[in-house]
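Participant: Residue numbers (the numbering used here): 583 to 843.
Backbone N, C-alpha and C fix where the C-beta goes; we use that ideal spot for every residue, glycine too.
Being a predicted model, the structure only gives us computed values, none of them experimental.
Next up is a structure, given as structure tokens.
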Ligand SMILES: NC(=O)c1ccc[n+]([C@@H]2O[C@H](COP(=O)([O-])OP(=O)(O)OC[C@H]3O[C@@H](n4cnc5c(N)ncnc54)[C@H](O)[C@@H]3O)[C@@H](O)[C@H]2O)c1
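Structure below.
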């Protein structure tokens, strides 16, 4: 049986940990050649090693995605080595919640650079490549904070909403070139980044899980599975969507509620 991403050349950013790591492993298991990006060389190298141990194909791709020249150089390298780039997954990002009035101007720019500008740098670098080769897939990891309000994540949420808007516009503008662009909006996924936050209070993980309609935190693999589907030809007519992978959090009306039972 042919694998879902057989022979596809994929670049995943922030793939040394969490969602990116799980996606790199999953894409490789599904047959892709995965360029594993992170600015943390050690963690990215360990993911490359793991993929190779499993018999998959991976390359180390260290770069800071907030540096446009570094992103361009990375895309140029992939194309020089492979002749094409089929899937760009803009996944690097994040922010620990903090009261908005405590966020200084420098931090504001840093948060937006990581959670919005980086996606544009990737898009800007891959569009000419994908137009030349007659198609491609761009995915971005947004957040529930980009759909609804989350206290302490105002700037991050604004950047992630911008990222989703960017993906929708690219989908509309470049669909005729065979390019699809989609956004994944994770709920609370049990990754090192979320654990850092949950560990700031006793029973943080249980408190979070009790507020998720399906009754558990998500896993990085939950996002990886959705990303592998969206990257594949099975999703050939899906473009411009924001897919919540969040255990029904976004579906719940944010209104005061009394227990029903
Ligand atoms: N975990 C969640 O609950 C959750 C929820 C919503 C959205 N997200 C989003 O999912 C994505 C992945 O988050 P995660 O939870 O897996 O985080 P994580 O911290 O486990 O992994 C993020 C990775 O990105 C890398 N990275 C950070 N800045 C970088 C940069 N400038 N250049 C290259 N690499 C960089 C880090 O080194 C790390 O390996 C982020 O965009 C985050 O905003 C996560």
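Provide the residue(s) that pair with residue 591 in DSSP beta bridges, ordered along the chain.
Facilitator: Position 9 of the chain shown, counted from the start, is the residue given in the question as residue 591. In DSSP, residue 591 forms a bridge with 615.
Participant: Might you give, ordered along the chain, the residues of its own chain that have their beta carbon closer than 6 Å to the beta carbon of residue 666, omitting 5 neighbours on each side?
Facilitator: As a first step, residue 666 is located in the chain shown; it is residue number 84 there, counting from the start. So the qualifying residues of the chain are 591 and 715.
Participant: Mind reading off the beta-carbon distance from residue 773 to residue 600? Whole number of angstroms is fine, and I expect it under 8 Å.
Facilitator: Taking the chain shown and counting its residues from 1, the one referred to as residue 773 is at position 191. Taking the chain shown and counting its residues from 1, the one referred to as residue 600 is at position 18. Yes, they are in contact, since the Cβ atoms of residue 773 and residue 600 sit about 3 Å apart, within 8 Å.
Participant: How long is the line joining the alpha carbons of residue 619 and residue 648, rounded to whole angstroms?
Facilitator: Stepping through the chain shown from its first residue, residue 619 is reached at position 37. Stepping through the chain shown from its first residue, residue 648 is reached at position 66. Rounded to the nearest angstrom, the two C-alpha atoms are 12 Å apart.
Participant: First and last residue of the beta strand (DSSP E) that includes residue 720?
Facilitator: By 1-based counting over the chain shown, the position of residue 720 is 138. Here the beta strand (DSSP E) through residue 720 covers 718 to 723.
Participant: Please determine whether the Cβ atom of residue 782 lies at a distance below 8 Å from any heavy atom of ligand 1.
Facilitator: Your numbering for residue 782 matches position 200 in the chain shown. Incorrect: residue 782 has no Cβ contact closer than 8 Å to ligand 1.
Participant: Grab the span of the beta strand (DSSP E) containing residue 770 for me, first residue to last.
Facilitator: Position 188 of the chain shown holds residue 770. Element bounds for residue 770: n/a, residue is neither H nor E.
Participant: Look at residue 742 and residue 675 and say whether their C-beta atoms are less than 9 Å apart.
Facilitator: The residue labelled residue 742 in the question sits at position 160 within the chain shown. The residue labelled residue 675 in the question sits at position 93 within the chain shown. It is a contact, given that the beta carbons lie within the stated cut-off.
Participant: In whole angstroms, give me the CA-to-CA distance for residue 659 and residue 706.
Facilitator: For the purposes of this step, residue 659 is taken as residue 77 along the chain shown, with counting starting at 1. For the purposes of this step, residue 706 is taken as residue 124 along the chain shown, with counting starting at 1. About 15 Å.
Participant: Beta-carbon within less than 8 Å of residue 682's beta-carbon, same chain only, minus the 5 sequence neighbours each way: which residues are those?
Facilitator: In the chain shown, counting from the first residue as 1, residue 682 sits at position 100. If we look at residue 682 and ignore the five residues flanking it on each side, its Cβ neighbours are 734, 736 and 737.
Participant: Under the assumption that residue 767 contacts residue 824 (Cβ atoms under 8 Å), give the Cβ distance between them as a whole number of angstroms.
Facilitator: For the purposes of this step, residue 767 is identified with residue 185 of the chain shown, where counting begins at 1. For the purposes of this step, residue 824 is identified with residue 242 of the chain shown, where counting begins at 1. Yes, they are in contact, since the Cβ atoms of residue 767 and residue 824 sit about 5 Å apart, within 8 Å.
Participant: For residue 725, count neighbouring C-beta atoms within 10 Å of its own C-beta (all shown protein chains included) and say buried if the count is 16 or more, exposed if not.
Facilitator: Taking the first residue of the chain shown as 1, we reach residue 725 at position 143. Buried, because 16 or more other Cβ atoms sit within 10 Å of the Cβ of residue 725.
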